[in-house]
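Sequential numbering from 1 applies to the sequence shown in the working numbering. A virtual CB, placed ideally from N, CA and C, is assigned to each residue, including glycine. Since this is a predicted model, take the numbers as computed values, not measurements. What follows is a short report on a single structure.
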Amino acid sequence: MSSSPPTDAGSAKSRADSKSRTESDKKDNGRVAGPEGRSGRTRSQTPAGAGSAEQRKPRIGDSRPAPPPSGETKPAKSQSSGRGGGNKGGSRSGGESSGSRSGGERSGSRSGGRRRRRGGRGSGSRGGQQHKPVEALTGGDPVELDAETLAKRRGRARKGRPVGRYLMAIHVTADATHVAVLEGRALVEYYVSRPANDTTEIYGNIYLGRVQNVLPGMEAAFVDIGTPKNAIMYRGDVQFDAEDLERSSRPQISQALKVGQRVLCQVTKNPIAHKGARLTQQVSLAGRYVVLVPNSEAYGISKRLPDKERRRLRRILEGVKPAEHGVIVRTASEGVTPEEIRQDVTRLVSQWDQIDALAKRSKAPSLLYREPDVALRVIREEFTTDYRSVLIDDPDLYGSVSTYVEGVAPALAERVSFYDPATENLELFERYHVYGQLRKAVDRTVWLPSGGSLVIEHTEAMTVIDVNTGRNVGSTSLEQTILENNLEAAAEIPRQLRLRDIGGIIVVDFVDMESKSNRQKVMSGLRDALAQSKTHTRVSDISNLGLVEMSRKRIGEGLLESLSRACEDCDGWGIRLDETLLGRSDGSDSV
Numbered sequence: 001m002s003s004s005p006p007t008d009a010g011s012a013k014s015r016a017d018s019k020s021r022t023e024s025d026k027k028d029n030g031r032v033a034g035p036e037g038r039s040g041r042t043r044s045q046t047p048a049g050a051g052s053a054e055q056r057k058p059r060i061g062d063s064r065p066a067p068p069p070s071g072e073t074k075p076a077k078s079q080s081s082g083r084g085g086g087n088k089g090g091s092r093s094g095g096e097s098s099g100s101r102s103g104g105e106r107s108g109s110r111s112g113g114r115r116r117r118r119g120g121r122g123s124g125s126r127g128g129q130q131h132k133p134v135e136a137l138t139g140g141d142p143v144e145l146d147a148e149t150l151a152k153r154r155g156r157a158r159k160g161r162p163v164g165r166y167l168m169a170i171h172v173t174a175d176a177t178h179v180a181v182l183e184g185r186a187l188v189e190y191y192v193s194r195p196a197n198d199t200t201e202i203y204g205n206i207y208l209g210r211v212q213n214v215l216p217g218m219e220a221a222f223v224d225i226g227t228p229k230n231a232i233m234y235r236g237d238v239q240f241d242a243e244d245l246e247r248s249s250r251p252q253i254s255q256a257l258k259v260g261q262r263v264l265c266q267v268t269k270n271p272i273a274h275k276g277a278r279l280t281q282q283v284s285l286a287g288r289y290v291v292l293v294p295n296s297e298a299y300g301i302s303k304r305l306p307d308k309e310r311r312r313l314r315r316i317l318e319g320v321k322p323a324e325h326g327v328i329v330r331t332a333s334e335g336v337t338p339e340e341i342r343q344d345v346t347r348l349v350s351q352w353d354q355i356d357a358l359a360k361r362s363k364a365p366s367l368l369y370r371e372p373d374v375a376l377r378v379i380r381e382e383f384t385t386d387y388r389s390v391l392i393d394d395p396d397l398y399g400s401v402s403t404y405v406e407g408v409a410p411a412l413a414e415r416v417s418f419y420d421p422a423t424e425n426l427e428l429f430e431r432y433h434v435y436g437q438l439r440k441a442v443d444r445t446v447w448l449p450s451g452g453s454l455v456i457e458h459t460e461a462m463t464v465i466d467v468n469t470g471r472n473v474g475s476t477s478l479e480q481t482i483l484e485n486n487l488e489a490a491a492e493i494p495r496q497l498r499l500r501d502i503g504g505i506i507v508v509d510f511v512d513m514e515s516k517s518n519r520q521k522v523m524s525g526l527r528d529a530l531a532q533s534k535t536h537t538r539v540s541d542i543s544n545l546g547l548v549e550m551s552r553k554r555i556g557e558g559l560l561e562s563l564s565r566a567c568e569d570c571d572g573w574g575i576r577l578d579e580t581l582l583g584r585s586d587g588s589d590s591v
């Protein structure tokens with residue numbers, strides 16, 4: 001049997017339907033005059049035998065469909081649009097048929113449809129994030145330890161009080177949380193964090209992002225993670241598949257990332273000024289004793305530990321390392337038991353399973369994991385027996401920190417104390433003179449003990465430190481005076497870099513020295529002082545002109561940026577132009 005007659009009939013019907021819809025659209029736009037054009041309906045909307053009641057046509061500027069005239073009933077949803085029962089127009093415009101596309105559907109797409117879109121830039125939840133992000137684990141049941149082990153880990157004490165090199169003071173206000181680390185009485189580190197800031201302080205957070213642009217010429221890609229500015233991911237931070245590595249020893253970033261692709265990434269550098277955050281696909285979760293590297297074969301032990309301890313931890317790690325994840329043992333794991341390391345690994349694996357499950361049911365961009373508060377983060381990274389005390393003046397934060405320390409390091413729990421300003425009659429930061437030292441830390445000039453000085457200047461590309469002899473006139477010879485002044489500067493510069501959290505390229509202009517041995521002494525003192533900080537710093541040898549170039553890892557804003565804002569008058573330039581000399585007759589000053 002031939003099937004051509006039904007096919008021809010179907011084609012004719014399809015052409016007729018298409019022609020009917022085309023004419024209907026033209027009539028709705030007022031281009032075709034006729035009975036149907038006057039009524040504002042299509043044939044599919046007009047029941048058989050119905051009158052041709054007049055209806056006002058939609059006009060430009062209407063925010064909703066034109067209302068039907070009084071007494072007119074709304075057509076039933078079951079009425080066909082001439083497509084064999086398919087009501088595509090009704091599905092897009094809230095149940096109305098395709099004949100009202102010029103009014104109901106178009107207006108709906110402009111108002112209701114736009115409201116259904118994801119939030120704007122900077123909203124922190126673009127992409128329709130519907131799930132709460134995973135929070136860092138800050139508690140848990142501690143491992144039972146015997147009395148001898150606890151006594152050994154409590155560290156040194158004098159007259160019943162813990163002894164240590166550092167003191168940590170945590171001050172909480174309504175606007176921010178401040179963490180000050182003092183060595184003796186000198187301020188050496190300072191951190192500040194503002195509450196619920198998912199825009200600028202996002203270091204360590206894990207996101208499900210969406211690739212917005214891939215630039216092979218820059219070997220980088222821009223990724224939307226829901227922050228005001230797209231984050232950047234360089235080629236070295238991309239994880240390539242085994243197939244990409246087999247094809248080429250150096251595959252292009254465009255082989256691994258495509259526009260619109262979803263990527264799970266972690267922030268390795270906070271947004272700074274006009275630059276967006278920096279990302280990596282090599283995600284890691286930090287615990288007290290180990291760092292978990294999901295879906296990796298990473299395996300390592302801190303090089304700060306002695307060789308004997310490294311061999312002991314290597315044997316422990318072989319028994320607790322998950323087969324599918326990598327593990328890196330931290331310096332804080334010195335002397336801990338296998339049970340403590342196993343518990344830390346188990347916590348982090350459970351945390352990663354939650355993040356992985358959340359990523360599978362979330363839309364991009366969305367926040368999957370949020371790092372803890374700055375106080376808990378600093379205690380997790382820094383708190384050891386080197387700290388004689390941790391003082392907190394907020395009862396809620398004190399409870400959270402105490403719970404965390406009791407869970408991961410019970411031997412140090414007695415070093416965490418609550419500071420009550422009401423009973424002490426003095427604020428925590430005032431008692432330890434933190435405010436005064438912070439004001440000195442943002443000055444351009446730093447005075448040295450012998451009368452010399454450092455002048456610290458920030459530019460767009462680098463930080464420049466100029467060493468001057470100042471009031472230091474010496475006593476024996478010019479070369480000896482310069483050497484002593486430069487040695488004092490070499491000891492003070494690393495402390496200022498650490499306190500001011502200066503990163504990027506740094507150039508130090510020492511006073512010129514003729515003796516090569518003196519230059520080597522200054523460089524040796526500088527490197528020894530830099531080694532006390534955990535932040536990685538690369539230093540080049542001193543040049544014949546007395547210049548030393550170094551690069552220091554930058555994570556976020558420096559101390560000056562975190563405590564200040566740009567001047568509204570000069571926009572941070574520091575000067576105001578005299579407009580009378582530039583052709584302005586009114587004599588007003590402006591930038």
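Boundaries of the alpha helix (DSSP H) in which Y435 is found, first to last residue
V434 to A441
My output table needs one value for V416: the three-state DSSP class, helix, strand or coil.
Here V416 carries a strand assignment [DSSP, helix/strand/coil].
Quick check on the DSSP output: the beta strand (DSSP E) that includes N486 runs from which residue to which?
Per DSSP, N486 belongs to no beta strand (DSSP E); it is in the alpha helix (DSSP H), L478 to R500.
From V467, D466, T331 and K321, residue whose alpha carbon lies closest to that of L305
T331
So, at 6 Å on beta carbons, what are the nonlocal neighbours of I575 in its own chain, with the 5 sequence-adjacent residues on each side left out?
Short of 6 Å from the beta carbon of I575, and not among the five residues preceding or following it, lies no beta carbon of its own chain.
Taking the Cβ atom as the reference point for each residue, do A364 and G209 lie within a distance shorter than 8 Å?
yes
Just how far apart, CA to CA, sit Q520 and V293?
40 Å
Tell me whether K258 sits in a helix, a strand or coil according to DSSP, three-state version.
Per DSSP, reduced to three states, the secondary structure at K258 is coil, with no helix or strand assignment.
Given a threshold of 16 other Cβ atoms within 10 Å of its Cβ, counted over all protein chains shown, does T580 qualify as buried or as exposed?
exposed
For P421, count the other beta carbons within 10 Å of its own beta carbon; 16 or more makes it buried, fewer makes it exposed. Which is it?
exposed
Can you name the start and end residues of the beta strand (DSSP E) that Q212 belongs to?
I206 to L215
State the beta-bridge partners of Q282 as determined by DSSP.
The partner list for Q282 (beta bridge, DSSP) is empty, contrary to what the question assumes.
Using the C-alpha atoms, what's the distance from I505 back to A491?
19 Å
Could you check what DSSP says for A332 in three-state terms: helix, strand or coil?
helix
In the structure shown, what three-state DSSP assignment does W352 receive?
In this structure, W352 counts as helix in the three-state DSSP scheme.
Assuming N518 is part of the alpha helix (DSSP H), what are its boundary residues?
Its alpha helix (DSSP H) spans residues K516 to L530.
Out of A273, L285, M550 and E430, state which residue places its alpha-carbon closest to the alpha-carbon of E557.
A273
For I555 and chain D, any beta-carbon pair shorter than 8 Å?
No chain D is part of this structure, which consists of one protein chain only.
First and last residue of the uninterrupted alpha helix (DSSP H) at I379
V374 to E382
For V320, which residues in the same chain have their Cβ closer than 8 Å to its Cβ, ignoring the five residues on either side in sequence?
V327, P338, I341, R342 and V345
Straight-line Cα distance separating D393 from T463
35 Å
Collapsed DSSP secondary structure at L368 in the structure displayed:
It is a strand residue.
Looking at the structure shown, is T469 part of a helix, part of a strand, or coil, going by DSSP?
coil
Going by DSSP in three states, V238 sits in which element: helix, strand or coil?
coil
Considering T149, what are the terminal residues of the alpha helix (DSSP H) in which it resides?
A147 to R153
Given a threshold of 16 other Cβ atoms within 10 Å of its Cβ, counted over all protein chains shown, does G415 qualify as buried or as exposed?
Gly is not the amino acid found at residue 415; the sequence shown has Arg there. Buried, by the Cβ-count rule.
Buried or exposed: which applies to M168, given that a residue is buried once 16 or more other Cβ atoms fall within 10 Å of its Cβ?
Counting Cβ neighbours within 10 Å, M168 comes out buried, since at least 16 surround it.
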